[in-house]
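Student: Here's a structure for you.
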Amino acid sequence: MQLGRLCAGLFRERKSRVSVEKAERLIKEEQVSRVEKPSREEAERAVQTLLRWAGDDPFRPGLINTPGRVVRAYEEYFRGYNEDPYELLGRTFDETEGYDEMIVLKDISFASHCEHHIAPIIGKAHVAYLPDTKVVGISKLARLVEVYGKRLQIQEKMTAQIANTLNAVLEPKGVAVVIEAAHECMTTRGVDKPGVNMVTSRMLGAFRSDGATRRELLAMIGNPLGS
Ligand SMILES: [Zn+2]
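Here the sequence shown stands for residues 888 to 1114, numbered as in the working numbering.
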């Protein structure tokens, strides 16, 4: 099936600056807005309120345990807040011993939630870097996607966060992150467009400045930007 696509390649043409700045601002806002957690009981009562808002009776047998389940599900959906992505990458890296080829982990599946509707974002991420002196275990790249995915997200911000973290910790010659995802807030409500995939990318260093390096990567991951 041919998927419709909204391309928001952050490195491309004139739009790039605006998108990058927006992503930076969102990352900054998030750092200053951590709040105190409510109790489990408070959280369950909030779910009861939403069930009543939906028009149902939270005390009927089928729904009586739903608030507890939803609150436990939230612990899974949002467990990324409990992990420090810098620490995750910082724990293990080695010398490259002269390896200077692109390292690519493609098709990393993830499930996130949009911060506007708390609706699922289901997609896959491709993460690549060109090492300088440090490399990281390949599984850490998948864990990094997981840590940022298990938070409230917008796709542009998640893309930038993964790229910025890798860039800061590994200080590589280049970093590229491309994410393709379907947003259930678009497919099940609002504009109601099933089958639409959004593609975002963040290219740093050699992936940004060197067209050949970028094209090599995009060919490896199946040209999701359509270029
Ligand atoms: Zn949304």
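All residues carry an ideal CB built from backbone N, CA and C; glycine is no exception. Since the model is a prediction, treat every value here as computed from it, not as a measurement.
(1) Pull up the CB-CB distance for V991 and L1104, whole angstroms please, since I reckon it's below 8 Å.
(2) Does M1073 pass the burial test, meaning 16 or more other C-beta atoms within 10 Å, or should it be called exposed?
(3) Taking C-alpha atoms, which residue in I1066, V1083, A1099, A1055 lies nearest to G977?
(4) In terms of residues, what are the limits of the alpha helix (DSSP H) holding E1002?
(5) Exposed or buried, what is H1013 when buried is set at 16 or more other beta-carbons lying within 10 Å of its beta-carbon?
(6) Tell me the rounded alpha-carbon separation between E923 and V1034.
(7) Just checking, does the segment 998–1014 make contact with the segment 1054–1070 on the three C-beta pairs under 8 Å criterion?
(8) Let me know the secondary structure DSSP gives N1054 once reduced to three states.
(9) Kindly indicate which three-state DSSP category G1010 falls into: helix, strand or coil?
(10) For the alpha helix (DSSP H) that contains I1025, what are its first and last residues?
(11) Could you tell me the distance, in whole angstroms, from the CA atom of E1043 to the CA atom of P1007?
(12) Could you compute how far the alpha carbon of L1017 sits from the alpha carbon of E988?
(13) I want to check one thing, is the minimum distance from the CB of H1013 to the heavy atoms of ligand 1 below 6 Å?
(14) Where do the N-terminal and C-terminal ends of the alpha helix (DSSP H) with E1067 fall, by residue?
(15) Please state whether DSSP places S926 in a helix, a strand or coil.
Tutor: Taking the geometry as given:
(1) Between V991 and L1104 a beta carbon distance of about 7 Å is seen, short of the 8 Å cut, so the two are scored as contacting.
(2) Classification of M1073: buried, given that the 10 Å Cβ count is 16 or more.
(3) If we check each option's Cα against that of G977, A1055 comes out closest.
(4) Taken as a continuous stretch (DSSP letters only), E1002 belongs to no alpha helix (DSSP H), as it is neither H nor E.
(5) By the neighbour-count rule (16 or more Cβ atoms within 10 Å), H1013 is buried.
(6) Separation of E923 and V1034 (C-alpha to C-alpha, rounded to the nearest whole angstrom) is 20 Å.
(7) With the cut-off at 8 Å, the segment 998–1014 and the segment 1054–1070 touch.
(8) Here N1054 sits in helix by DSSP.
(9) Reduced to three states, the DSSP call for G1010 is strand.
(10) Counted as a single uninterrupted DSSP element, the alpha helix (DSSP H) harbouring I1025 occupies residues 1025–1036.
(11) So the alpha carbons of these two residues sit roughly 15 Å apart.
(12) Rounded to whole angstroms, L1017 and E988 show a C-alpha spacing of 6 Å.
(13) Result no, Cβ not under 6 Å from ligand 1.
(14) Careful: E1067 lies outside any alpha helix (DSSP H), inside the beta strand (DSSP E) at 1061–1070.
(15) The answer is coil: DSSP assigns S926 none of H, G, I, E or B.
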